[in-house]
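Engineer: Here it is, the structure in full.
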DNA sequence: TCCTTATTTTGAATCGATTCAAAATAAACG
DNA sequence: CGTTTATTTTGAATCGATTCAAAATAAGGA
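Chains as they are written, first to last, in this note's numbering: chain A, 98 to 450; chain B, 98 to 450.
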């Protein structure tokens, strides 16, 4: 039951009509006389013709009606990382409305015959640039299709990109803890560089960190400074944005003489791991330790306790990106959207004692 | 910066070589003399030619290197439904290993120009048939591409399908509760028919239910019978597999004179909603009420308490499905894989009193 | 019946590459 | 230097449809 080798031309010949008419029967049935249409359809059925092959149509039409979402991550990333998943859900919503399909593309695999940036059959790309952004953009440029980069921390203004205001968002998070009265605060940072685990000295932030975590730290610092806290007074523990390194970071933070009363986590994922570590250690959130996340993924609303966080405008990001691709109206320069502080149950004033 | 309108033929002409040679420069560079290759590449660069257009190549080669995963659900389903997501993650893992791409396809949208089953550029389909299975299979058949149906509850043996042994799995779940000593048990069923919410009489199960929930109920009944419990003694509450209807079902169940001491939930998703309802009502799991889920999604391992469940062999399902599509070695008949009881913290013996 | 207008149908061109038998060129050898 | 063999290059056919100007046919009006 493999695809029959019957072509439109065969049907046309067998039905005694021109190929043009046969084509019309399938793609613009209203223009062909009913009697002819019926005959052609019958012949097609008899021959086992399954309708116009999409590949032929595509070559002519040039448009696929699908967008690719690419990241320098394995395919599993799109379905299990909370941030990616939330964004994909938002993108799915927009695509549903416009009848657009989604192809997920992993840019890790460079093999010739593999499905990758230059073989994906799509009308354009949305790039998730959390890591390896430059390379991803470079690869995509070659393809000469419209694309828009999300979460790109790159200065190059010629790249169409849509971002969030990490500095303001992070500052809002820190300010929230400070307003509650916390003064002994620690930062849980995220990154993919092995060197950036364990305690990170302030001067390394600008030298070694990717743009996104760097900006967030600057946002934190900004608010901390408003309350007279120096950079040195706030330890930064680096994680690899996964469970093991987060648990190790918590271990380090809480083996200090003066463990923090509040934690600024740079993602909800890390925040939730941290909460789990605290709960297992018998420390109560928010009574013993307050914690605030970043991103605003759905898990943050259902965790126990529900996580206070700074939410990204996922729906807005998705809407703008998809529209930009489909209408080929790419932003001329980098836009940064605002985040929103969402106060839930994981933050409270520090214990009186 | 739209895709340049430079074609391979233009490059060939400008470089003074035949189109065949130009093609070889890109797709089989080793056969063309270095000097010529360099010249052609230079010309290509100067003209702004971005390499062979994938659409042309496709038409010739016929193979896309991507599989489609389709469901009669919106696109968001693939990224936020726990079961779908877990399966997609498993499929992603297999595809990563073989350099295969994934396109997600919603079969809800029937519009002409929308991306759907017959316009998706893929080498084959994996169908998630939780609902509307027949229609989905029907649509896919027309496309004449290899496909395999998952979670299909259809008798038609001519459809290549891979399933799980719902009856045995459900029986194992029920047996677990019975062995713990529970005798007052309720079933939380799932479905998409509005008529099947609220209490469902046993005789309606065979008449109105889809195959998957029906089989699970039969599995439950089978184990219950082993312990002398009649069908009538075990209330079935129907849900639409979402939060509101699950909460309503719980409400109904626990407003009875003799509320259940244990719940057989037909999916982890519903089980988790039910646990939330119980927790909010001050009922402790598993001390006051035991609950067992179905599916074995990751959320079940991180919920509080961690959910006892019957786990599907997702990795195995994914491996077999993807291989079947890529190698066009579709199973001749329905296969049913075994499930595994995973005992965690949401089940315990009933209270002594 | 003849002319005009509306509706259908035709057939060749086109989309952008790959493929492969045959021709051309280069290298190797006695 | 002439043959034989190996390496490159050519050019036309092919993949499977859509498109559109032009031709054919049908319908309407006087």
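In this text, a Cβ means the ideal position worked out from N, Cα and C, and glycines have one as well.
At a CB distance below 7 Å, what residues from the segment 121-144 of chain B approach chain A? Give them in sequence order.
Structural biologist: Residues: none.
Engineer: Would you please verify whether the beta carbon of residue 244 of chain A is less than 8 Å from any beta carbon of chain B?
Structural biologist: Not one chain B Cβ lies under 8 Å of residue 244 of chain A.
Engineer: Please list, in chain order, the residues of the segment 185-202 of chain A that have any C-beta partner in chain B closer than 7 Å.
Structural biologist: Within the segment 185-202 of chain A, the residues whose Cβ lies closer than 7 Å to some Cβ of chain B are 185, 186, 189, 190, 192, 193, 196, 197, 198, 199, 200, 201 and 202, listed in chain order.
Engineer: If you measure between the beta carbons of residue 264 of chain B and residue 361 of chain B, is that distance less than 8 Å?
Structural biologist: Not a contact, by the Cβ cut-off of 8 Å.
Engineer: Name the chain A residues that come within less than 9 Å of residue 182 of chain B, Cβ to Cβ?
Structural biologist: Near residue 182 of chain B (Cβ distances below 9 Å), the residues of chain A are 176, 177 and 182.
Engineer: Taking contact to mean 3 or more Cβ pairs, one atom from each stretch, closer than 8 Å, check whether the segment 134-154 of chain B and the segment 171-184 of chain B are in contact.
Structural biologist: They do not touch, by the three-pair rule.
Engineer: Taking any Cβ of chain A, which residues in the segment 213-232 of chain B have a Cβ under 7 Å from it, in chain order?
Structural biologist: Within the segment 213-232 of chain B, the residues whose Cβ lies closer than 7 Å to some Cβ of chain A are 215, 216, 217 and 218, listed in chain order.
Engineer: Output, in chain order, the set of chain A residues within a Cβ distance shorter than 9 Å of residue 240 of chain B.
Structural biologist: The answer, in chain order, is 100, 147, 148 and 151.
Engineer: List the residues of chain B whose Cβ lies closer than 7 Å to the Cβ of residue 408 of chain A, in chain order.
Structural biologist: Residues of chain B passing the Cβ test: none, with the nearest at roughly 16 Å.
Engineer: How many Å lie between residue 436 of chain A and residue 430 of chain A at the Cα?
Structural biologist: Near 19 Å, if we compare the C-alpha coordinates of residue 430 of chain A and residue 436 of chain A.
Engineer: Classify residue 242 of chain A as helix, strand or coil using the three-state DSSP reduction.
Structural biologist: In the structure shown, residue 242 of chain A sits in coil (DSSP, three-state: anything other than H, G, I, E or B).
Engineer: Of all the CB atoms in chain A, is at least one closer than 8 Å to the CB of residue 267 of chain B?
Structural biologist: Output row for residue 267 of chain B: interface = no.
Engineer: Can you give the beta carbon distance from residue 248 of chain A to residue 260 of chain A, rounded, assuming they're within the 8 Å contact cut?
Structural biologist: Contact flag correct, Cβ pair sits at about 6 Å.
Engineer: Under a Cβ-count criterion, where at least 16 other Cβ atoms within 10 Å of its own Cβ denotes burial, should residue 409 of chain A be classed as buried or exposed?
Structural biologist: Buried: at least 16 other Cβ atoms inside 10 Å.
Engineer: Starting from the C-beta of residue 100 of chain B, find all residues in its chain whose C-beta is less than 6 Å away, skip the five residues before and the five after it, and write them out in chain order.
Structural biologist: Low per-residue confidence applies at residue 100 of chain B: pLDDT is 45, beneath 50, and the placement is therefore not dependable, though the value from the model is reported in the following sentence. Taken in chain order, the list of residues that qualify is empty.
Engineer: Can you find a CB in chain B that lies within less than 8 Å of the CB of residue 112 of chain A?
Structural biologist: Taking Cβ atoms only, chain B never reaches closer than 8 Å to residue 112 of chain A, which makes this a no.
Engineer: Which residue comes first and which comes last in the alpha helix (DSSP H) that contains residue 199 of chain B?
Structural biologist: Where residue 199 of chain B is concerned, there is no enclosing alpha helix (DSSP H), although the beta strand (DSSP E) it sits in stretches over 198-203.
Engineer: Is the separation between the beta-carbon of residue 214 of chain B and that of residue 245 of chain B shorter than 8 Å?
Structural biologist: No, the Cβ-Cβ distance between residue 214 of chain B and residue 245 of chain B is not below 8 Å.
Engineer: Anyone know if the C-beta pair for residue 219 of chain A and residue 161 of chain A falls short of 8 Å?
Structural biologist: Their beta carbons are under 8 Å apart, which means residue 219 of chain A touches residue 161 of chain A by this criterion.
Engineer: Kindly indicate if chain B contains any beta-carbon less than 8 Å away from that of residue 172 of chain A.
Structural biologist: For residue 172 of chain A, the answer is yes, since a Cβ of chain B falls inside 8 Å of its Cβ.
Engineer: Once you ignore the five residues that flank residue 262 of chain A on each side, which residues in its own chain have a CB closer than 8 Å to its CB?
Structural biologist: Once the five neighbours on either side are set aside, the close Cβ partners of residue 262 of chain A are 433, 434, 435 and 436.
Engineer: Residue 366 of chain A: buried (16+ other C-beta within 10 angstroms of its C-beta) or exposed?
Structural biologist: It counts as buried.
Engineer: Taking the beta strand (DSSP E) that residue 163 of chain A belongs to, which residues open and close that run?
Structural biologist: Counting along the chain, the beta strand (DSSP E) containing residue 163 of chain A begins and ends at 163-168.
Engineer: Mind listing the chain A neighbours of residue 206 of chain B? Cutoff is C-beta to C-beta under 9 Å, in chain order.
Structural biologist: What residue 206 of chain B touches in chain A: 193 and 196.
Engineer: Does chain B have any CB closer than 8 Å to the CB of residue 367 of chain A?
Structural biologist: No, no contact with chain B.
Engineer: Please determine, among B/322, B/271 and B/420, the residue with the shortest C-alpha to C-alpha distance to residue 363 of chain B.
Structural biologist: Ranking B/322, B/271 and B/420 by Cα distance to residue 363 of chain B puts B/271 first.
Engineer: Less than 8 Å between CB atoms is the rule here; does residue 247 of chain A satisfy it with respect to chain B?
Structural biologist: No, residue 247 of chain A does not count as interfacial toward chain B.
Engineer: Relative to the C-alpha of residue 253 of chain B, which candidate in B/234, B/266 and B/269 has its C-alpha closest?
Structural biologist: Looking at the Cα atoms, B/234 is the closest of the given residues.
Engineer: Per DSSP, which residues does residue 437 of chain A bridge with? Please list them.
Structural biologist: DSSP, once it has assigned bridges, lists A/408 as partnering residue 437 of chain A.
Engineer: With distances taken between CB atoms, is the gap from residue 415 of chain A to residue 103 of chain A smaller than 8 Å?
Structural biologist: Not in contact: residue 415 of chain A and residue 103 of chain A (Cβ atoms no closer than 8 Å).
Engineer: Quick one: Cα of residue 125 of chain A to Cα of residue 111 of chain A, how far?
Structural biologist: Their Cα atoms are separated by approximately 20 Å.
Engineer: Should residue 98 of chain B be labelled buried (16 or more other beta-carbon atoms within 10 Å of its own) or exposed?
Structural biologist: The pLDDT assigned to residue 98 of chain B is 33, lower than 50, so where the model puts this residue is not dependable; a value taken from the coordinates is nonetheless given after this. Exposed, because fewer than 16 other Cβ atoms sit within 10 Å of the Cβ of residue 98 of chain B.
Engineer: When Cβ atoms are compared, which residues of the segment 382-401 of chain B fall closer than 7 Å to chain A?
Structural biologist: So the close ones are 401.
Engineer: In the DSSP output, what is residue 336 of chain A paired with across the bridge?
Structural biologist: Note: residue 336 of chain A sits in a beta bridge opposite A/287.
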